[in-house]
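Asks: Structure in structure tokens, see below.
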Amino acid sequence: MSDGHDHEDGDGDHGDHDGHGHDGHGHEHGDHDHGGDHDHHHHDADSVAVAVVTVSSSRSLDEDPSGDHVAAAFEEAGHEVATRELVPDEYDSVQGTVDRLARREDTDVVVTTGGTGVTPDDVTPEAVKGLFAKTLPGFGELFRRRSVEEIGTRTIGSRAIAGIVSATPVFCLPGSENAVRLGVDEIVLPEVGHLVGLAGRGADETGDGETKNGDGETDGDETDDAPR
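Numbering-wise (the working numbering), the sequence shown opens with residue -1 and increments by one.
In structure tokens, the structure reads:
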């Protein structure tokens, strides 16, 4: 049920853009992040490994066009798929799976599809937000802004989100294939190497960032203190 509704809300998700992040980009993200980003392109990862998580209580990985597209798009862009997993629309299952995958040494980025709608069993955003040490509001904003051209005001149901978990970028997309194509092809892939490089650089160079596999107390502490 969540998956079916997520398809529709996914399309709706697909459009809602909270203003394309001009608030964040304009000052904090724009002046600080953009400047820092341009100064540190040498940290960009040329190739990354993605963990693809399909959130659905009704699908199987054998019939998962959205997950198939995520995997194929990453591979076509020169990246690799570390793993693919299917989890039910359950808070603990979603949160535990994303947390575990983000800590894996062979995983640089996590992409989930499904569970971002507004029905009672759509719990992906709630489950994953609690893991974020840093949120990436610009992702949801840009995603919704881009999709409004296709679905109009249905974008108000959009709940696509992204953030950093254990030094790993995590993107949560709707379950519809159209929404996944938009999110992955037009937004995630152009920036994923850059984000992976920056997220890992914080941990590697300063020692103050999150670490994978629980190597350091900042993982748990930062989750508790993460912006909500």
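All C-beta atoms in this analysis are idealised placements derived from N, C-alpha and C, irrespective of residue type, glycine included.
Between T81 and A49, which are expected to be in contact by the criterion C-beta below 8 angstroms, what is the C-beta distance as a whole number of angstroms?
Replies: Locating residue 81 in the sequence shown gives position 83, where the first residue counts as 1. Locating residue 49 in the sequence shown gives position 51, where the first residue counts as 1. Yes, T81 and A49 are in contact; Cβ-Cβ is about 5 angstroms, under 8 angstroms.
Asks: Do A75 and L187 come within 8 angstroms of each other at the CB atom, strictly closer than that value?
Replies: Here residue 187 refers to the residue found at position 189 when the sequence shown is read from its first residue. Here residue 75 refers to the residue found at position 77 when the sequence shown is read from its first residue. Yes, Cβ-Cβ distance for L187 and A75 is below 8 angstroms.
Asks: Note the first and the last residue of the continuous alpha helix (DSSP H) segment covering A158.
Replies: If you number the sequence shown from 1, residue 158 lands on position 160. Element bounds for A158: n/a, residue is neither H nor E.
Asks: Would you tell me roughly how many angstroms separate the C-alpha atoms of E148 and G138, rounded to the nearest one?
Replies: Within the sequence shown, numbered from 1, the residue matching residue 148 stands at position 150. Within the sequence shown, numbered from 1, the residue matching residue 138 stands at position 140. The straight-line gap from Cα to Cα measures roughly 16 angstroms.
Asks: In chain order, what residues of the same chain have a beta carbon less than 6 angstroms from the beta carbon of L84, not counting five sequence neighbours either side?
Replies: Counting from 1 along the sequence shown, the entry for residue 84 is found at position 86. Cβ within range, chain order: T52 and L59.
Asks: Suppose you measure from the CA of H36 to the CA of S56; what does that come to, to the nearest Å?
Replies: Looking up residue 36 in the sequence shown gives position 38. Looking up residue 56 in the sequence shown gives position 58. Residue confidence is low: H36 scores 45 on pLDDT, short of 50, so the model does not pin down where it sits. Its coordinate-derived value is still stated next. For H36 and S56, the distance between alpha carbons rounds to 43 angstroms.
Asks: Mind checking who R82 pairs with in its DSSP beta bridge?
Replies: Your numbering for residue 82 matches position 84 in the sequence shown. Beta-bridge pairing links R82 to V50.
Asks: Are there 16 or more other CB atoms within 10 angstroms of the CB of T114, so buried, or fewer, so exposed?
Replies: Position 116 of the sequence shown holds residue 114. Its Cβ being crowded by 16 or more others within 10 Å, T114 is buried.
Asks: Compute the Euclidean distance between the alpha carbons of E189 and Y89, then round it to the nearest angstrom.
Replies: The residue labelled residue 189 in the question sits at position 191 within the sequence shown. The residue labelled residue 89 in the question sits at position 91 within the sequence shown. Taking the straight line from one Cα to the other gives about 28 angstroms.
Asks: Going by alpha carbons, who is nearest to R199 out of P167, R179, N176 and A177?
Replies: Translated into the one-based positions of the sequence shown, residue 199 becomes position 201. For R199, the nearest C-alpha among the options comes from P167.
Asks: Let me know the secondary structure DSSP gives P118 once reduced to three states.
Replies: What you label residue 118 is simply residue 120 of the sequence shown in a count that begins at 1. Looking at P118 - three-state DSSP - the assignment turns out to be coil, as it is neither helix nor strand.
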